[in-house]
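Each remark here refers to the structure printed beneath this line.
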Amino acid sequence: MNQYYRVYAAIDLDAICHNISEIKNIVGTDTKIMPVIKADGYGHGAVPVAKALNKIGVDGFAVAIIEEGIALRKQGITKPILILGYTSEYQYASLIQHEIEQTVFSYDMAEAISKFAVTMKKDANIHIKVDTGMNRIGFKPTEESVSQVERIQKLPNIKIQGIFTHFACADEEDKTSARHQKELFDQFVRSLEDKGIEIPVKHVSNSAAIMDLCDCRMDMVRSGIITYGLYPSEEVDKSAIDLRPALSLISHVIHVKEVEPGEGVSYGSTFVTERKTKIATIPVGYADGYPRALSSKGRVIIRGQYAPIIGRICMDQFMVDVTDIEGVCVMDQVTLVGTDGDKNISVEEAANLAGSFNYEFVCGIGKRVPRVYFQDGKAKEAVDYLED
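The sequence shown runs 1 to 388 under UniProt numbering.
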């Protein structure tokens with residue numbers, strides 16, 4: 001790369017495509033795959049990821065909010081897009097205009113969408129959400145809810161394309177809860193079918209269920225974090241799928257100095273040197289989404305060796321001890337997450353040390369951090385959110 005970056009997230013599109021291919025091998029040709037690319041593709045960049053997956057063939061994309069769906073449409077993504085969460089009535093016209101599918105979890109919501117669709121003389125595609133145990137959003141699996149869905153089906157210009165639920169505990173070793181949720185969902189679907197309501201696409205499987213619950217794949221699966229090469233928990237069967245992490249976080253050294261024993265480092269002087277110490281400063285901080293909780297806990301890789309973080313991570317910079325690494329100098333590459341030589345720092349390691357987990361870590365990488373996309377070993381594209 002000829003471009004200078006203070007810090008950047010390197011995104012391996014080949015790894016993401018590999019992960020989807022692995023998912024295809026697991027679920028087979030009869031089950032559709034809808035990658036979840038909400039939260040800007042879990043911090044990896046929704047648009048470049050969607051474009052890459054379009055080329056290898058997926059069946060649609062799931063997002064959390066309407067703005068994410070519109071952003072995809074504006075970039076030429078024509079496949080079905082499902083909003084998994086809430087959309088305000090003020091946005092229904094835009095929803096219908098952009099042909100984005102909406103999760104519906106009340107009759108009133110469906111009725112309001114129907115009115116907009118009739119006025120616009122267009123159909124609105126929806127998915128029915130069934131709450132089988134998350135107690136978040138969705139119809140409870142009751143006879144009253146069956147009646148409400150029956151009424152929704154009769155609304156003008158409403159097309160029910162799918163019905164789904166979401167597992168609360170599929171990523172745990174004990175699958176009892178997930179299987180109970182699946183049973184409740186199946187019973188609800190059967191009750192609808194007894195009323196003559198046939199819904200084309202039924203989907204329940206998240207990342208953990210794709211891996212561990214082969215009897216839950218149904219018509220479609222929603223691949224979330226495994227799309228990006230990260231496991232949903234330490235309790236899933238990792239041997240079920242060969243995942244390749246897609247994200248690395250890279251910076252460089254901007255300053256090197258030696259200090260005497262007994263000197264404090266960073267705010268509050270919470271770290272005090274016990275020996276003559278060589279300190280390297282890295283131009284990354286919690287404003288970039290690098291957790292302050294890694295202060296005096298985390299580590300980076302410089303010149304193929306680990307260097308511990310010393311002192312508090314600042315808003316824009318932090319310091320590491322490079323005393324035992326020979327020849328460290330300004331502009332040396334620093335790997336915050338990823339592999340350098342035979343050393344690796346996984347997203348999970350960094351997240352766990354920060355008292356977090358992999359989902360939050362990657363979603364938290366800030367907009368000050370450009371994403372650089374690699375394919376066939378070469379930098380293909382860069383997205384700098386502060387310039388675009």
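Backbone N, C-alpha and C define an ideal beta-carbon position, used for all residues, glycine too.
Predicted model only: the values in this text are computed from it and were never measured.
{"Query": "Among residues of its own chain, excluding the 5 on either side of D171, which ones have a beta-carbon nearer than 7 Å to its beta-carbon?", "Result": "A208, P232, S233, E235, V236"}
{"Query": "Taking 8 Å as the cut-off, decide whether the C-beta atoms of residue 416 and F61 are in contact.", "Result": "The structure shown does not extend to residue 416, since the chain spans only 1 to 388, so no value can be given for it."}
{"Query": "At what residues does the beta strand (DSSP E) containing H127 begin and finish?", "Result": "124-129"}
{"Query": "If we count the other Cβ atoms within 10 Å of its Cβ and call it buried at 16 or more, is D342 buried or exposed?", "Result": "exposed"}
{"Query": "Here's the rule: buried if 16 or more other CB atoms are within 10 angstroms of the residue's CB, otherwise exposed. What is C329?", "Result": "exposed"}
{"Query": "To which residues of the same chain is residue 412 closer than 7 Å at the C-beta, ignoring the five residues directly before and after it?", "Result": "Because the chain is modelled from 1 through 388, residue 412 falls outside the range shown and cannot be assessed."}
{"Query": "Compute the Euclidean distance between the alpha carbons of C363 and D194, then round it to the nearest angstrom.", "Result": "42 Å"}
{"Query": "Quick one: is T176 buried, meaning 16 or more other Cβ sit within 10 Å of its Cβ, or exposed?", "Result": "exposed"}
{"Query": "Which whole-angstrom value is the C-beta distance of L155 and S88, which I expect to be below 8 Å?", "Result": "At roughly 19 Å, the Cβ-Cβ gap does not stay under 8 Å, so L155 and S88 are not in contact."}
{"Query": "Using the three-state DSSP reduction, which class does F116 fall into: helix, strand or coil?", "Result": "helix"}
{"Query": "Under three-state DSSP, which class holds E22?", "Result": "helix"}
{"Query": "Thinking C-alpha only, which one of Y290, G57, P141 is nearest K32?", "Result": "G57"}
{"Query": "Does the Cβ-Cβ distance between I23 and I226 come in under 8 Å?", "Result": "yes"}
{"Query": "Terminal residues of the continuous alpha helix (DSSP H) containing G41?", "Result": "38-42"}
{"Query": "Which value, in whole angstroms, describes the spacing of the CA atoms of I152 and G43?", "Result": "35 Å"}
{"Query": "On the premise that D340 lies in contact with I301, defined as a C-beta separation below 8 Å, what is that separation, rounded to the nearest angstrom?", "Result": "4 Å"}
{"Query": "Among T281, Y385, Y267, L192, which residue has its Cα nearest to the Cα of V253?", "Result": "T281"}
{"Query": "From the DSSP output, in three-state form, read off S295 for me.", "Result": "coil"}
{"Query": "Would you identify the three-state DSSP class for K220, choosing helix, strand or coil?", "Result": "For clarity, residue 220 is Met in the given sequence; the question names Lys instead. Note: M220 maps to strand in three-state DSSP."}
{"Query": "Compare the beta carbon distance of residue 394 and V369 with 8 Å and say whether it is the shorter of the two.", "Result": "With the chain represented from 1 up to 388, any question about residue 394 goes unanswered, as that position is not in the structure."}
{"Query": "Please name the residue or residues paired with K154 in a DSSP beta bridge.", "Result": "Looking at the DSSP assignment, K154 forms no beta bridge with any residue, so it has no partner."}
{"Query": "Give a yes or no on whether the C-beta atoms belonging to A287 and D316 are separated by under 8 Å.", "Result": "yes"}
{"Query": "Taking 7 Å as the limit between beta carbons, can you name the residues of its chain near A110, skipping five residues before and five after?", "Result": "V104, I126, I152, L155, I158"}
{"Query": "Flag this pair as yes or no: are the beta carbons of A52 and P245 separated by less than 8 Å?", "Result": "no"}
{"Query": "Work out the CA separation of I310 and M319 for me, nearest whole Å.", "Result": "6 Å"}
{"Query": "Please work out which residues of its chain come closer than 7 Å, Cβ to Cβ, to Y385, disregarding the five sequence neighbours upstream and downstream, and give them in chain order.", "Result": "K367"}
{"Query": "Mark Q102 as exposed unless 16 or more other C-beta atoms lie within 10 angstroms of its C-beta, in which case mark it buried.", "Result": "buried"}
{"Query": "Confirm, please, whether the CB-CB distance from L230 to N358 is below 8 Å.", "Result": "yes"}
{"Query": "Helix, strand or coil: which one does DSSP assign to S205?", "Result": "strand"}
{"Query": "With respect to the alpha helix (DSSP H) encompassing R73, which residues constitute its N-terminal and C-terminal limits?", "Result": "66-74"}
{"Query": "Can you check which of these residues, M211, C214, L213, P141, is closest to V184 by C-alpha distance?", "Result": "The amino acid occupying residue 184 in the given sequence is Leu; Val does not appear at that position. It is P141 whose Cα lies nearest to the Cα of L184."}
{"Query": "Suppose the cutoff is 6 Å on Cβ atoms and the five residues either side in sequence are ignored; what does the same chain contact list for Y5 look like?", "Result": "P370"}
{"Query": "By how many angstroms is the C-alpha of R303 removed from the C-alpha of P80?", "Result": "45 Å"}
{"Query": "Considering only residues of the segment 333-377, which uninterrupted alpha helix (DSSP H) runs meet the minimum length of 4 residues and lie entirely inside it, listed in chain order?", "Result": "347-353, 358-363"}
{"Query": "Please determine, among I197, N206, S239, T119, the residue with the shortest C-alpha to C-alpha distance to S147.", "Result": "I197"}
{"Query": "Based on the DSSP secondary-structure assignment, which residues constitute the bridge partners of F139?", "Result": "V130"}
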